[in-house]
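Student:
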Amino acid sequence: MYVIIIIDNTFEVLLNRGHNGLGLSLAGGIAENKPIEIIDIYENQPAALSGQLDVGDVVLSINDVAMQNRNVRDVPTIIGVTRNVKLLVCRPDPKEYQSYLDHQIDSPNRSATSGSVSNDQSRISNNAVRDLPPNSP
Numbered sequence: 001m002y003v004i005i006i007i008d009n010t011f012e013v014l015l016n017r018g019h020n021g022l023g024l025s026l027a028g029g030i031a032e033n034k035p036i037e038i039i040d041i042y043e044n045q046p047a048a049l050s051g052q053l054d055v056g057d058v059v060l061s062i063n064d065v066a067m068q069n070r071n072v073r074d075v076p077t078i079i080g081v082t083r084n085v086k087l088l089v090c091r092p093d094p095k096e097y098q099s100y101l102d103h104q105i106d107s108p109n110r111s112a113t114s115g116s117v118s119n120d121q122s123r124i125s126n127n128a129v130r131d132l133p134p135n136s137p
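Residues in the sequence shown are numbered consecutively from 1, following the UniProt record's numbering.
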């Protein structure tokens with residue numbers, strides 16, 4: 001498990017997928033040698049309406065499937081057609097998390113794989129690296 005995780009910064013969020021999806025964007029994963037994290041939250045979508053998630057939260061599991069050693073591209077398959085989605089997330093201290101990421105980037109096993117998908121939904125954050133469009137799971 002990631003060293004940035006402690007009981008005090010880990011929590012569960014239950015979302016009911018709307019007709020436009022969960023309303024969040026994710027990036028990271030094993031191919032990028034970093035945890036899967038929330039990079040965007042779309043206004044008026046389930047993730048934003050829950051009031052529990054923030055950009056920068058690390059997704060530890062989805063529907064009890066651990067996300068460590070997974071790619072962000074695995075997420076739609078893991079969610080499947082399920083309407084109710086359970087996320088276990090961690091909100092690490094920003095300085096500790098950046099230090100962790102800096103260490104991971106310096107690791108010789110780092111992969112440079114990345115990709116991008118975009119859409120025109122209004123966003124709470126504009127730091128998109130890779131989007132999971134609202135009509136995705």
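Think of the CB as a built atom: it goes at the ideal place given N, C-alpha and C, for glycine as much as any other residue. No experiment lies behind these values; they were computed from the predicted model shown.
According to DSSP, what are the bridge partners of Asn69?
Tutor: The residue given as residue 69 occupies position 69 in the sequence shown. For Asn69, which the question treats as bridged, DSSP gives no partner whatsoever.
Student: Quick one: grab the DSSP three-state call for Arg110.
Tutor: Counted from its first residue, the sequence shown places residue 110 at position 110. Here the model assigns Arg110 a pLDDT of 43, short of 50, so the residue's position is not dependable, and the following value carries that caveat. Arg110: coil per DSSP, three-state reduction.
Student: My guess is that Val72 and Gly21 are in contact by the Cβ rule of under 8 Å, so how many angstroms apart are they, rounded?
Tutor: On the sequence shown, residue 72 is found 72 positions in, with the first residue counted as 1. On the sequence shown, residue 21 is found 21 positions in, with the first residue counted as 1. Not a contact, Cβ separation roughly 14 Å.
Student: Would you mind sorting Val81 into buried or exposed? The rule is 16 or more other CB atoms within 10 Å of its CB.
Tutor: For the purposes of this step, residue 81 is taken as residue 81 along the sequence shown, with counting starting at 1. Its Cβ having fewer than 16 others within 10 Å, Val81 is exposed.
Student: What is the DSSP secondary structure of Pro137, counted as helix, strand or coil?
Tutor: Against the sequence shown, residue 137 aligns to sequence position 137. At Pro137, the pLDDT of 46 sits below 50, so the modelled position is not reliable and the matter cannot be decided from this model.
Student: Let me know if Gly51 comes out buried or exposed under the rule of 16 or more other beta-carbons within 10 Å of its beta-carbon.
Tutor: Locating residue 51 in the sequence shown gives position 51, where the first residue counts as 1. Exposed.
Student: Under 8 Å, do Asp57 and Val89 count as touching if we go by C-beta distance?
Tutor: Position 57 of the sequence shown, counted from the first residue, corresponds to residue 57. Position 89 of the sequence shown, counted from the first residue, corresponds to residue 89. A contact, by the Cβ cut-off of 8 Å.
Student: Lys34 and Leu87 - do their beta-carbons sit closer together than 8 Å?
Tutor: Sequence index remark: in the sequence shown, residue 87 carries index 87 (1-based). Sequence index remark: in the sequence shown, residue 34 carries index 34 (1-based). No, the Cβ-Cβ distance between Leu87 and Lys34 is not below 8 Å.
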